[in-house]
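Student: I'd like to ask some things about the structure below.
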Amino acid sequence: MADRPFIARGFHGRRPQAHPERLPPGQYETRDFPVLSAGPTPRVSLAAWDFTIHGIDGGSVRWTWDELHALPRETPTVDIHCVTKWSRFDTTWEGVSVDTLLDAAAAQGVDGGAYVVAFCDGGYTTNLPAADVTGGRAWVVWGYGGGPLPPEHGGPARLLVPHLYFWKSAKWVRGLRLLARDEPGFWEELGYHERGDPWREQRYRGDP
Amino acid sequence: MSEPRPAVPGGPAPLAWRVATVRGVSPASAHARTLVLDVPAWPGHRAGQHVDVRLVAEDGYQAQRSYSIASAPEDTGVSLTVERLDDGEVSPYLTDVLRPGDGLEVRGPIGGYFAWDVVAGGPLLLVGGGSGVVPLLAMLRHRAHAGAAARARVPARLIYSARTLEAVIDRADIERLEGATEVDVVLTLTRETGMEWTGRRGRVDRGLLAEAGWPPSAAPRAFVCGPTPFVEAVATMLVELGHEPRHVRTERFGPTG
Ligand SMILES: Cc1cc2nc3c(=O)[nH]c(=O)nc-3n(C[C@H](O)[C@H](O)[C@H](O)COP(=O)(O)OP(=O)(O)OC[C@H]3O[C@@H](n4cnc5c(N)ncnc54)[C@H](O)[C@@H]3O)c2cc1C
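Quick note, the sequences are listed as chains U and A, same order.
Under our numbering, the very last position in the first sequence is 208; numbers go up by exactly one each time.
Under our numbering, the very last position in the second sequence is 257; numbers go up by exactly one each time.
What follows is the structure, given as structure tokens:
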């Protein structure tokens, strides 16, 4: 509405103590790790677990839990930003780069387009431009803070796309569908932003 | 890197920040206040949705938080019920500083999943912890606006866990809804030490959910809201009791509580 924001009478706020430059607009730093999800936490057995990439032409490639762990591992340390306003700095994860998975898929003739949709246990989905999950900026992770990823935070495995709001880092992820055209995911259908860049404050549909 | 095309062609209108006017402030519990807001050009909402509140200081520093809408869509004005966290950044401002006549920036309504209306049907199983009862009360207030026949088709139960009796939000209104709109209410207090409370004590557990909730065969629509550990525990127990995960909708109020 107004270009000049409305000043809240008598509001001073609690300023971030450290690294204000790492905090996107409208976010605050928390030392906790809050949880956001729309339903109960799904529980799956690792024996039955797999991760599948479905290519644009109907082909697919699938990894079991053990096969995924046999791929080259990475341990990213990243800041994460949730659309519910909290940010958390220097979180540590363990998993495999999405580049590694897409390269392996392409080597087997499973090709992609400009978009991906992550799909999950419990029916959750989220859409992302392919450019946002390549170039060393996205992982499938199973470890958090030196231990296994707890179920309420998305274990056994979740997507990690730290440069976008955290709902894009789909919990309980089971695979990616590669698409030529964009398709809204769960929150995106419900009015959340298509891309979700926290630095541009792309929270809801229609934000810049 | 190229910008992705929006899935909705044409580009939707942004959800605008609006400067609401505080019309009234009233106590909801010993620690919570209800703010009644006049929001210009408010588009209406569904029970269960929330707004974002933005506070901007003189030098441009800003803080944002989400608050559930406490009022029914049928009510005039948009009410928020805010519980004061003593060391919080935003809630003490909303409960202690804001006065009638002040402006407050809000945008919304937000969230279409944790939302319910009478046409969505029931039975309704509402399980709230602490301030997590707020969106559930909006659902019951909305249901109260429906006729008795419509209400009879969507029987409702509320299981509400609060720390103490004085922390219970809108106790009088809950009693009104219980008496006048046939809601079964079970209140349980987790830290009440006073002798005058003769009701249930302790956390919501499987036994309470089995006894006071609906059986899975009734296929209730469950809405669970509160602090993260509360929601995590209750939603897991509901699934263990046999409720369909897709019928259990949750809203987690973050790290607090
Ligand atoms: C969808 C949604 C709906 C909600 N609806 C409601 C509602 O209807 N009513 C309601 O009352 N709340 C609601 N909440 C919660 C609300 O958004 C706020 O989280 C809550 O009011 C606390 O905000 P705060 O700024 O007062 O506390 P914060 O400043 O966010 O602090 C919260 C707690 O974290 C600790 N903390 C965090 N960071 C620091 C720090 N740097 N230094 C010290 N302590 C810290 C403090 O101990 C404090 O108690 C909702 C949340 C969501 C996501």
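The beta carbon of each residue, even a glycine, is placed where N, CA and C say it ideally should be.
1) Can you name the residues of chain A whose CB is closer than 7 Å to the CB of residue 207/U?
2) Give the single residue among 181/A, 110/A, 237/A, 132/A whose Cα lies nearest to the Cα of residue 14/A.
3) Under 8 Å, Cβ to Cβ, is there at least one residue of chain U near residue 2/A?
4) Tell me whether residue 85/A, by its Cβ, gets closer than 7 Å to a heavy atom of ligand 3.
5) What is the DSSP secondary structure of residue 20/U, counted as helix, strand or coil?
6) Going by CA-CA distance only, name the one from 79/U, 171/U, 83/U that's closest to residue 162/U.
7) To the nearest whole angstrom, what separates the beta carbons of residue 162/A and residue 207/A, a pair I think is in contact under 8 Å?
8) Helix, strand or coil: which one does DSSP assign to residue 93/A?
9) Give me, in chain order, the residues of the same chain whose beta-carbon lies closer than 6 Å to that of residue 114/U; leave out the 5 immediate sequence neighbours on both sides.
10) Give, in chain order, every residue of the stretch 159-192 of chain U whose Cβ lies closer than 9 Å to some Cβ of chain A.
11) Round the Cβ separation of residue 55/U and residue 110/U to the nearest angstrom and send it over; I've been treating them as touching at under 8 Å.
12) Shorter than 8 Å from the beta carbon of residue 105/A to some beta carbon of chain U?
13) From residue 173/U to residue 144/U, what distance separates their C-alpha atoms?
14) Using a beta-carbon distance below 8 Å, is residue 102/A in contact with chain U?
15) To which residues does DSSP link residue 95/U through a beta bridge?
16) Exposed or buried, what is residue 1/A when buried is set at 16 or more other beta-carbons lying within 10 Å of its beta-carbon?
17) Distance cutoff 8 Å, beta carbons only. Does residue 152/U sit that close to anything in chain A?
18) Determine the chain A residues that contact residue 40/U at a beta-carbon separation under 8 Å, and present them in chain order.
19) Please confirm if residue 67/A has its CB atom under 8 Å from at least one CB of chain U.
20) Quick one: is residue 39/A buried, meaning 16 or more other Cβ sit within 10 Å of its Cβ, or exposed?
21) Please find out if some non-hydrogen atom of ligand 1 comes closer than 7 Å to the beta-carbon of residue 90/A.
22) Is the shortest distance between the beta-carbon of residue 144/U and the beta-carbons of chain A less than 8 Å?
23) Is the stretch 78-96 of chain A in contact with the stretch 42-50 of chain U, if contact means three or more CB pairs nearer than 8 Å?
24) Going by the DSSP bridge assignment, what does residue 85/A pair with across the sheet?
25) Looking at the structure shown, is residue 3/A part of a helix, part of a strand, or coil, going by DSSP?
26) Roughly how far, in whole angstroms, is the beta-carbon of residue 201/U from the beta-carbon of residue 58/U, given that I think they are within contact range, below 8 Å?
27) Under 7 Å: does the beta carbon of residue 84/U sit that close to some heavy atom of ligand 1?
28) Which class does residue 131/A belong to by DSSP, given the choice of helix, strand or coil?
29) Thinking residue 123/A and residue 215/A are a contact (beta carbons under 8 Å), I'd like their distance in whole angstroms, please.
30) Report the CB separation of residue 133/U from residue 96/U in whole angstroms; it is logged as a contact under 8 Å.
31) With 16 other CB atoms within 10 Å as the buried threshold, where does residue 75/U fall?
Tutor: In short, the structure shows the following:
1) 14
2) 110/A
3) Reliability of the predicted coordinates at residue 2/A is poor, the pLDDT of 37 falling under 50, and the value obtained from them is presented with this limitation in mind. Interface residue, yes.
4) Ligand 3 is not part of the structure shown, which contains ligand 1 as its ligands.
5) helix
6) 79/U
7) Between residue 207/A and residue 162/A the Cβ distance is about 19 Å, and since that is not below 8 Å, they are no contact.
8) If DSSP states are grouped into helix, strand and coil, residue 93/A belongs with the helices.
9) Excluding positions up to five away in sequence, the list reads 130.
10) With the criterion set as a beta carbon lying under 9 Å from some beta carbon of chain A, the members of the stretch 159-192 of chain U are 181, 182, 183, 184, 186, 187, 188, 189, 190, 191, 192, in sequence order.
11) So it is a contact: roughly 4 Å between Cβ atoms.
12) yes
13) 15 Å
14) yes
15) 74/U, 141/U
16) Legend: pLDDT at residue 1/A = 33, less than 50; position of this residue unreliable, value from coordinates given subsequently. Exposed, because fewer than 16 other Cβ atoms sit within 10 Å of the Cβ of residue 1/A.
17) yes
18) 235, 236, 238, 239, 245, 248, 250
19) Nearest CB-CB separation between residue 67/A and chain U: not below the 8 Å threshold.
20) Residue 39/A should be labelled buried.
21) Answer for residue 90/A: yes, Cβ within range of ligand 1.
22) no
23) no
24) Bridge partners of residue 85/A: none, in fact.
25) At residue 3/A the pLDDT is 38, less than 50, meaning the model places this residue with poor confidence; the figure from the coordinates comes in the next sentence. Coil.
26) In fact, because the Cβ distance is near 38 Å, the residues do not count as touching under 8 Å.
27) yes
28) helix
29) Rounded, the Cβ-Cβ distance is 10 Å, inconsistent with contact.
30) Incorrect: roughly 12 Å between the Cβ atoms, too far for contact.
31) exposed
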